[in-house]
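Chains as they are written, first to last, in my numbering: chain Y, 496 to 958; chain G, 31 to 170. Every residue, glycine too, gets a C-beta built ideally from N, C-alpha and C. Working notes, beginning with the structure itself.
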């Protein structure tokens with residue numbers, strides 16, 4: 496036996512997964528309530544105790560962790576044009592597992608600086624201009640940011656000609672010059688900036704978030720939890736040497752406060768009559784809907800989906816939904832636990848959370864007539880041919896009719912412009928192992944992939 | 031001196047891709063840094079591209095006769111976006127029907143375009159016009 500421990504420090508729960516590398520199997524999973532306010536170690540010790548009840552006394556040869564505790568990796572980006580470098584900076588940050596506090600475009604104002612000061616981010620990503628392109632904006636913004644009283648780490652990933660000057664204006668700050676996120680118009684280059692973000696997360700953020708106390712316990716890598724999930728999903732889709740992947744997929748993580756969507760797919764136009772518009776999107780793409788969540792952001796779901804659809808799906812009258820929504824948003828730890836009314840509401844909420852978040856993540860298509868006859872304009876990814884949807888996330892562990900809920904990720908005739916999967920095989924990550932497998936995959940990709948495939952095959956249930 | 035930068039593309043619901051590719055090669059060959067937005071380009075996309083890349087000129091093609099409608103307000107939007115005095119060229123089958131080119135040219139000049147080119151213009155003509163404007167210090 497070669498046991499490895501994988502830890503996910505969440506904002507409310509610390510989740511543990513124990514794996515036997517030799518047998519390629521999961522030894523056990525546990526979760527314990529934890530907050531950074533108390534001590535992240537308490538949650539960990541509690542979780543270890545629960546885990547030991549399943550595994551018996553175990554000495555772990557290796558321990559790895561990911562974290563979204565203390566608000567996760569909180570970032571602000573500043574770019575030039577909203578649809579170009581600003582969007583590229585946002586995509587880079589989300590792909591690195593960040594939580595976006597704000598995305599600024601054009602020249603920063605004094606009010607913006609005040610807002611940034613109040614938001615108190617972990618990292619700022621400063622971009623703008625293609626290489627050889629606009630310099631004024633990024634230089635102006637570096638001067639503005641220099642007025643911030645707190646010396647945040649700032650990654651400079653814009654027009655390379657302006658980088659040095661920006662760094663000079665930001666003297667006293669910890670600055671990192673990285674390759675441009677958009678070196679040429681329409682060319683996305685997010686990887687170098689993302690590597691910087693992850694590196695910074697590891698070196699600085701972890702200490703600031705009170706995780707350093709447990710650091711001596713860890714063998715290696717720490718990454719933001721969403722980055723671990725993205726890594727796991729990419730491995731599951733693409734495969735690795737020695738083990739085949741399952742092909743293009745979408746994953747949805749419905750949380751209490753936000754809903755994350757991941758797509759590992761090219762999503763290119765399906766035929767010659769379709770023209771692609773806008774920035775190309777990364778093959779492994781993550782989006783976060785900050786207003787869509789099962790508890791803290793419950794009102795956001797109702798607002799986005801409309802009162803009527805929630806009534807329809809839950810069978811509850813509008814007034815009652817409002818009452819319950821108020822109660823649940825104030826008491827986010829309430830679970831339906833057999834209460835029929837709450838179960839019905841959770842079903843409607845989760846369905847609409849998935850529908851809204853996936854529709855925002857997926858591309859859209861628009862029909863137009865030209866001299867060539869009927870043509871289409873596509874923006875974003877065409878996910879209609881993606882045939883697998885993975886559902887993960889703690890808040891769906893208690894729901895019933897989970898597969899039915901997940902089917903709301905699919906293409907719908909009522910919204911034909913939204914390029915969501917037409918038909919998909921739905922898999923549920925019941926034991927919440929996906930993030931753990933992302934961590935494991937850094938050193939054991941083949942084993943992580945096989946465990947994931949096995950686990951998702953049975954939707955996390957025993958055979 | 032660094033290369034002059036051009037943003038080119040075919041405006042509106044126009045899918046004529048061949049001429050666009052020829053222009054891209056001709057302009058690149060002539061020593062310009064050419065950013066090609068391809069076909070079915072909106073005014074906003076031309077402008078966004080010019081801002082981000084700090085372009086010296088925008089060259090709009092239109093071959094399906096709707097050019098006048100598609101180009102309306104382009105200069106004003108450029109001004110609004112801070113692209114003051116950027117060089118604007120337009121060319122192709124920019125209007126429908128038998129109209130005298132002089133009339134058409136005047137209308138587009140009034141709309142704020144610096145040069146207007148009739149159907150059948152060779153890329154060299156546009157290149158010469160660009161070089162003339164750049165050496166006169168326009169588009170700075």
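Taking only the alpha-carbon atoms, compute the straight-line gap between residue i and residue j and give it to the nearest angstrom.
i	j	result
residue 561 of chain Y	residue 596 of chain Y	20 Å
residue 673 of chain Y	residue 151 of chain G	44 Å
residue 665 of chain Y	residue 130 of chain G	58 Å
residue 558 of chain Y	residue 501 of chain Y	6 Å
residue 886 of chain Y	residue 105 of chain G	49 Å
residue 123 of chain G	residue 137 of chain G	14 Å
residue 721 of chain Y	residue 86 of chain G	41 Å
residue 46 of chain G	residue 864 of chain Y	14 Å
residue 80 of chain G	residue 146 of chain G	19 Å
residue 669 of chain Y	residue 951 of chain Y	43 Å
residue 644 of chain Y	residue 609 of chain Y	10 Å
residue 797 of chain Y	residue 937 of chain Y	39 Å
residue 624 of chain Y	residue 148 of chain G	34 Å
residue 817 of chain Y	residue 73 of chain G	44 Å
residue 509 of chain Y	residue 848 of chain Y	24 Å
residue 776 of chain Y	residue 158 of chain G	38 Å
residue 914 of chain Y	residue 764 of chain Y	11 Å
residue 540 of chain Y	residue 551 of chain Y	15 Å
residue 119 of chain G	residue 686 of chain Y	37 Å
residue 745 of chain Y	residue 33 of chain G	43 Å
residue 516 of chain Y	residue 922 of chain Y	24 Å
residue 736 of chain Y	residue 756 of chain Y	26 Å
residue 997 of chain Y	residue 667 of chain Y	Residue 997 of chain Y is absent from the model: chain Y starts at 496 and stops at 958.
Do residue i and residue j have their CB atoms nearer than 8 Å?
i	j	result
residue 691 of chain Y	residue 718 of chain Y	no
residue 884 of chain Y	residue 854 of chain Y	no
residue 572 of chain Y	residue 620 of chain Y	yes
residue 569 of chain Y	residue 617 of chain Y	yes
residue 891 of chain Y	residue 919 of chain Y	no
residue 809 of chain Y	residue 857 of chain Y	no
Please list, in chain order, all residues of the same chain as residue i whose beta carbon is under 6 Å from its beta carbon, the five residues on each side excluded.
i	result
residue 933 of chain Y	723, 724, 726 and 727
residue 524 of chain Y	512 and 926
residue 850 of chain Y	903
residue 793 of chain Y	820, 823 and 824
residue 583 of chain Y	676, 677 and 683
residue 929 of chain Y	724, 727 and 887
Which word fits residue i, buried or exposed, when buried means at least 16 other C-beta atoms lie within 10 angstroms of its C-beta?
i	result
residue 957 of chain Y	Any reading at residue 957 of chain Y must be qualified, since the residue scores a pLDDT of 43, below 50, and its modelled position is unreliable; no value is offered.
residue 1044 of chain Y	Nothing can be reported for residue 1044 of chain Y, as the shown portion of chain Y is limited to 496 through 958.
residue 780 of chain Y	buried
residue 167 of chain G	exposed
residue 807 of chain Y	exposed
residue 659 of chain Y	exposed
residue 878 of chain Y	buried
residue 96 of chain G	buried
residue 498 of chain Y	buried
residue 549 of chain Y	exposed
residue 646 of chain Y	exposed
residue 554 of chain Y	exposed
residue 814 of chain Y	exposed
residue 812 of chain Y	exposed
residue 604 of chain Y	exposed
Sorted by chain position, which residues of the same chain lie with C-beta nearer than 7 Å to residue i's C-beta, five sequence neighbours on each side aside?
i	result
residue 949 of chain Y	none
residue 100 of chain G	41, 42 and 92
residue 601 of chain Y	575 and 632
residue 635 of chain Y	602
Below 8 Å on C-beta distance, what does residue i contact in chain Y?
i	result
residue 69 of chain G	770
residue 45 of chain G	770, 865, 866, 867 and 870
Taking Cβ-Cβ distances shorter than 7 Å, what residues in chain Y pair up with residue i?
i	result
residue 48 of chain G	The premise fails here: residue 48 of chain G is roughly 13 Å from chain Y at the closest Cβ pair, so nothing lies under 7 Å.
residue 65 of chain G	680
Can you list, in chain order, the residues of its chain whose CB lies under 8 Å from that of residue i, leaving out five sequence neighbours each side?
i	result
residue 76 of chain G	37, 39, 41, 67, 88, 90 and 104
residue 761 of chain Y	743, 778 and 876
residue 910 of chain Y	854
residue 730 of chain Y	740, 932, 933, 936, 940, 943, 944 and 947
If the cut is a Cβ gap below 8 Å, which residues of chain G does residue i touch?
i	result
residue 576 of chain Y	78, 81 and 82
residue 875 of chain Y	Under the 8 Å cutoff, chain G gives no residues; its nearest Cβ is about 15 Å from residue 875 of chain Y.
Give the residues of chain Y in contact with residue i, contact being defined as C-beta atoms less than 9 Å apart.
i	result
residue 41 of chain G	Neighbours of residue 41 of chain G on chain Y: none; closest Cβ ~12 Å, over 9 Å.
residue 54 of chain G	Ordered by position in chain Y, no residue passes the 9 Å Cβ test against residue 54 of chain G, which lies about 13 Å from the chain.
Under 7 Å between beta-carbons, which chain G residues line up against residue i? List them in chain order, please.
i	result
residue 628 of chain Y	82, 83 and 84
residue 579 of chain Y	78 and 82
residue 858 of chain Y	In chain order: nothing, as chain G lies at least about 16 Å away.
residue 625 of chain Y	82 and 83
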